[in-house]
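Enquirer: Numbering (this note's numbering), first residue to last: 411 to 707.
Ideal Cβ positions, reconstructed from N, Cα and C, are used throughout, including at glycine.
Quick caveat, the model's predicted, so the values are computed rather than measured.
Take a look at the following structure, please.
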Amino acid sequence: MNTGWMGWILSGIVLILVFSIVALLKNPVKLLATGERAEAIVVTMATLVGSPGQDSLKAPVFEFKDLSGVSIRISSRSFTAFPSLQIEDKVPVAYDPSNPQNAQLLVLKEFVLIGIVLGFLALVILLWISGILISGDPSMEDPFHLLPMVISNLKLNPVRFPALFILSLAIPACGLGTYLTYQRANDYRTKGLKAVGIVEGAKSNYSRLNDGDLGRETFPMIAFEDATGNSHIIRRALAKPLSRLQPGDKVEVVYLANHPDRGIVNTWDELWPPPIFFGLMMMAFIFAFRLVIKNTI
């Protein structure tokens, strides 16, 4: 059975992605397996100036001490306009004792590029399998005929495969959503600064409903001062009439030092519903995935 030009091209793309993942993981895996552990602390921020009108990108710069007590500085590989780590935050690090500058921060954001490459690899393979199923053309198979084996073992067909395809994308998306929203909630809970907010009034948002009518949501507006004395106004996410807050009421506000304008009322419903929702959706999709795998459609 001959492999067509499309099969060879897709095989080349997959091999390039696999080699890219191996190259990206080689050093981190080596450090995780054989490197020394230390606790690094954020001492400053490296700044990458953006275009006019755009926010500058920042990356935390960490300092840790090696086995001989020498201070080593390394910078995060992840530049962002809104870094989640702040000065004096502590994170674990793995490093090579013979070359301490070769260090790996043990935080998830340092592996974003690897995750992107892995995701693209998975998407290419899924689209490739989809093309084989839809076209029925054996020339689209890979040179080693591994994909036909996968199709046969999983009993894939044009009806069964779309369900697995959608679920294989939905599960990691919900997993990422769970992680990001949990991290946000945990940052507010562990690193947040507290202040007293006063309800100043309410603000209404209008939206067009399916029947053409205008729908209105009213949100209590809350004013507070951060640790530097600057005033900020935030809104309570729970819209009236569900919120019982009235003008003049006092509430506890929690905010992050680098973004006091994004403060929230310090209640569970401002923090935990998103990670709970994404977590439950991920478990439901995993359960559905197992059902599809076990049953033939």
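What residue range is occupied by the uninterrupted alpha helix (DSSP H) comprising M550?
Expert: Here residue 550 corresponds to residue number 140 of the sequence shown, with the count starting at 1. Neither: M550 is in no alpha helix (DSSP H) and is coded neither H nor E.
Enquirer: If I measure Cβ to Cβ from V480 and keep anything under 8 angstroms in the same chain, skipping five residues before and after, which residues do I get?
Expert: Stepping through the sequence shown from its first residue, residue 480 is reached at position 70. Result list for V480: P510, in chain order.
Enquirer: Looking at the strands, I want to know which residues DSSP matches up with G607.
Expert: Taking the sequence shown and counting its residues from 1, one reaches residue 607 at position 197. Bridge partners of G607: V661.
Enquirer: Quick one: what does DSSP say D597 is sitting in, helix, strand or coil?
Expert: For the purposes of this step, residue 597 is taken as the residue at position 187 of the sequence shown. Of the three classes helix, strand and coil, the one that applies to D597 here is helix, per DSSP.
Enquirer: Do E473 and V453 come within 7 angstroms of each other at the CB atom, strictly closer than that value?
Expert: As a position in the sequence shown, residue 453 is number 43, starting the count at 1. As a position in the sequence shown, residue 473 is number 63, starting the count at 1. Yes, the pair counts as a contact, with Cβ atoms nearer than the cut-off.
Enquirer: Taking its Cβ as the centre, do 16 or more other Cβ atoms sit within 10 Å of L495, making it buried, or is it exposed?
Expert: Position 85 of the sequence shown, counting from 1, holds the residue named residue 495. Buried, by the Cβ-count rule.
Enquirer: Could you pull the start and end residues of the beta strand (DSSP E) that D506 belongs to?
Expert: Residue numbering aside, residue 506 sits at position 96 when the sequence shown is read from its first letter. Unbroken beta strand (DSSP E) run through D506: 500-506.
Enquirer: Identify whether T457 lies in helix, strand or coil by the three-state DSSP scheme.
Expert: Counting from one through the sequence shown, the residue named residue 457 turns up at place 47. Correct three-state label for T457: strand.
Enquirer: For a test of the three-state rule: what should DSSP assign to T628, helix, strand or coil?
Expert: The sequence position of residue 628 within the sequence shown is 218, counting from 1. Strand, per DSSP.
Enquirer: Within 10 angstroms of the Cβ of I707, are there 16 or more other Cβ atoms? Answer buried if so, exposed if not.
Expert: Your numbering for residue 707 matches position 297 in the sequence shown. Summary for I707: the model assigns pLDDT 48, below 50, so the residue's position carries little reliability; its value from the coordinates is reported in the next sentence. I707 is exposed by the Cβ-count criterion.
Enquirer: Once you ignore the five residues that flank V609 on each side, which residues in its own chain have a CB closer than 6 angstroms to its CB?
Expert: Translated into positions along the sequence shown, residue 609 becomes position 199. Contacts found: P630, I632, L655, P657, D659.
Enquirer: For F695 versus L533, is the C-beta spacing smaller than 7 angstroms?
Expert: On the sequence shown, position 285 is the one that residue 695 refers to. On the sequence shown, position 123 is the one that residue 533 refers to. For F695 and L533, no; Cβs fall outside 7 angstroms.
Enquirer: K436 by DSSP, collapsed to three states: which one?
Expert: Position 26 of the sequence shown, counted from the first residue, corresponds to residue 436. Residue state, collapsed to three classes: helix.
Enquirer: Roughly how far, in whole angstroms, is the beta-carbon of F571 from the beta-carbon of L543, given that I think they are within contact range, below 8 angstroms?
Expert: The count along the sequence shown starts at 1 and reaches residue 571 at position 161. The count along the sequence shown starts at 1 and reaches residue 543 at position 133. Yes, F571 and L543 are in contact; Cβ-Cβ is about 5 angstroms, under 8 angstroms.
Enquirer: Which residue marks the beginning of the alpha helix (DSSP H) containing I696, and which one marks its end?
Expert: Taking the sequence shown and counting its residues from 1, one reaches residue 696 at position 286. 683-704 is the span of the alpha helix (DSSP H), which, as asked, contains I696.
Enquirer: Measuring CA to CA, which of T638, G639, A649, N640 is closest to T628?
Expert: Within the sequence shown, residue 628 is the residue found at index 218, counting from 1. When each option's Cα is compared against that of T628, the closest is A649.
Enquirer: So A573 and V471 are supposed to be a Cβ contact under 8 angstroms. How far apart are they, rounded?
Expert: If you number the sequence shown from 1, residue 573 lands on position 163. If you number the sequence shown from 1, residue 471 lands on position 61. Actually they do not touch by this definition, with Cβ atoms about 46 angstroms apart.
Enquirer: Please list, in chain order, all residues of the same chain as A456 whose beta carbon is under 6 angstroms from its beta carbon, the five residues on each side excluded.
Expert: Here the question's residue 456 lines up with position 46 in the sequence shown. Result list for A456: A469, V471, S485, in chain order.
Enquirer: Let me know if S545 comes out buried or exposed under the rule of 16 or more other beta-carbons within 10 Å of its beta-carbon.
Expert: Taking the sequence shown and counting its residues from 1, one reaches residue 545 at position 135. With fewer than 16 other Cβ atoms within 10 Å, it is exposed.
Enquirer: Give me, in chain order, the residues of the same chain whose beta-carbon lies closer than 6 angstroms to that of D499; leave out the 5 immediate sequence neighbours on both sides.
Expert: By one-based count along the sequence shown, residue 499 stands at place 89. Cβ neighbours of D499 beyond the five flanking positions: V452.
Enquirer: Roughly how many angstroms separate the alpha carbons of R700 and V606, rounded to a whole number?
Expert: Position 290 of the sequence shown, counting from 1, holds the residue named residue 700. Position 196 of the sequence shown, counting from 1, holds the residue named residue 606. Roughly 48 angstroms separates the two Cα atoms.
Enquirer: Nearest-angstrom Cα distance between F530 and L523?
Expert: Locating residue 530 in the sequence shown gives position 120, where the first residue counts as 1. Locating residue 523 in the sequence shown gives position 113, where the first residue counts as 1. When rounded, the distance between both Cα atoms is 11 angstroms.
Enquirer: The beta strand (DSSP E) spanning R672 covers which residue range?
Expert: By one-based count along the sequence shown, residue 672 stands at place 262. 669-675 is the span of the beta strand (DSSP E), which, as asked, contains R672.
Enquirer: Return helix, strand or coil for K519, following the three-state DSSP convention.
Expert: Here residue 519 is taken as the residue at index 109 of the sequence shown, counted from 1. Correct three-state label for K519: helix.
Enquirer: How many Å lie between D671 and A637 at the Cα?
Expert: Indexing the sequence shown from 1 puts residue 671 at position 261. Indexing the sequence shown from 1 puts residue 637 at position 227. Roughly 12 angstroms between the two C-alpha positions.
Enquirer: Could you check if G525 is buried or exposed, using at least 16 other CB atoms within 10 Å of its CB as the buried criterion?
Expert: As a working mapping, residue 525 is identified with position 115 in the sequence shown. Exposed, by the Cβ-count rule.
Enquirer: Going straight from the alpha carbon of R487 to that of Y505, what length do you get?
Expert: As a position in the sequence shown, residue 487 is number 77, starting the count at 1. As a position in the sequence shown, residue 505 is number 95, starting the count at 1. Computed Cα separation, rounded: 15 angstroms.
Enquirer: Quick one: what's got a C-beta closer than 8 angstroms to G602's C-beta in the same chain, skipping five residues either side?
Expert: As a first step, residue 602 is located in the sequence shown; it is residue number 192 there, counting from the start. The residues are V664, Y665, L666, N676.
Enquirer: Measuring only the C-alpha atoms, how far is R645 from V527?
Expert: By 1-based counting over the sequence shown, the position of residue 645 is 235. By 1-based counting over the sequence shown, the position of residue 527 is 117. Rounded to whole angstroms, R645 to V527 spans 38 angstroms at the Cα level.
Enquirer: Round the Cβ separation of H669 and F492 to the nearest angstrom and send it over; I've been treating them as touching at under 8 angstroms.
Expert: One-based indexing of the sequence shown puts residue 669 at position 259. One-based indexing of the sequence shown puts residue 492 at position 82. About 7 angstroms; that satisfies the 8 angstroms criterion.
Enquirer: Excluding five sequence neighbours on each side, which residues of the same chain lie with their C-beta closer than 7 angstroms to the C-beta of E680?
Expert: Residue mapping note: residue 680 aligns to position 270 of the sequence shown, counting from 1. Around E680: A647, I674.
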